[in-house]
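Asks: Counting from 0, one number per residue, gives the positions in the sequence shown under numbering that gives the first Met the number 0.
The C-beta atom is built at its ideal place from N, Cα and C for all residues, glycine as well.
Since the structure is predicted, the reported quantities are computational estimates derived from the model, not experimental observations.
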Amino acid sequence: MVDTTPLTRAVDHFADRLRAAPQSRLQRGAAAEALGLARELARRAQVLEGREPREMPDAGMFAAADQIMVAAHDLAVVAPGDDEVDEAVRLVEEAQKRAGV
0 MVDTTPLTRA
10 VDHFADRLRA
20 APQSRLQRGA
30 AAEALGLARE
40 LARRAQVLEG
50 REPREMPDAG
60 MFAAADQIMV
70 AAHDLAVVAP
80 GDDEVDEAVR
90 LVEEAQKRAG
100 V
């Protein structure tokens, strides 16, 4: 069984930081960075499931934290091994740095 705890921790931390961020920070790019991450995690999950990837819609800057949580959960459910989880953690950490939260 794949240990998805590192991914859960990384995504929880990023989502908490987004929820605590002021609206001005979200508008300056943090929300867009989170949406980009959510879309990439969702794409990876869909590919692993053997489905044609569909782009996650933009639900607005205040939904960005929830979108990364959902996408990461979906990926964690279908991740076949630790390599996919480790790569997802790296993506989350890089996105959080770029978001500045």
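Would you kindly work out how many angstroms separate the C-alpha atoms of Val88 and Ala75, rounded to a whole number?
Replies: Residue numbering aside, residue 88 sits at position 89 when the sequence shown is read from its first letter. Residue numbering aside, residue 75 sits at position 76 when the sequence shown is read from its first letter. Going from the Cα of Val88 to the Cα of Ala75 covers about 11 angstroms.
Asks: By how many angstroms is the C-alpha of Ala78 removed from the C-alpha of Phe13?
Replies: Stepping through the sequence shown from its first residue, residue 13 is reached at position 14. Stepping through the sequence shown from its first residue, residue 78 is reached at position 79. Rounded to the nearest angstrom, the two C-alpha atoms are 20 angstroms apart.
Asks: Measuring alpha carbon to alpha carbon, tell me which of Thr3, Pro21, Thr4 and Gly35 ends up nearest Glu93.
Replies: The residue you call residue 93 lines up with position 94 of the sequence shown. Comparing Cα positions, the closest option is Gly35.
Asks: Would you kindly work out how many angstroms separate the C-alpha atoms of Arg8 and Ala31, rounded to a whole number?
Replies: Reading the sequence shown from its first residue, position 9 is the one you call residue 8. Reading the sequence shown from its first residue, position 32 is the one you call residue 31. If you take the alpha carbons of Arg8 and Ala31, they lie about 21 angstroms apart.
Asks: Tell me the DSSP secondary structure of Glu92 in three-state form.
Replies: If you number the sequence shown from 1, residue 92 lands on position 93. In the structure shown, Glu92 sits in a helix (DSSP, three-state: H, G or I).
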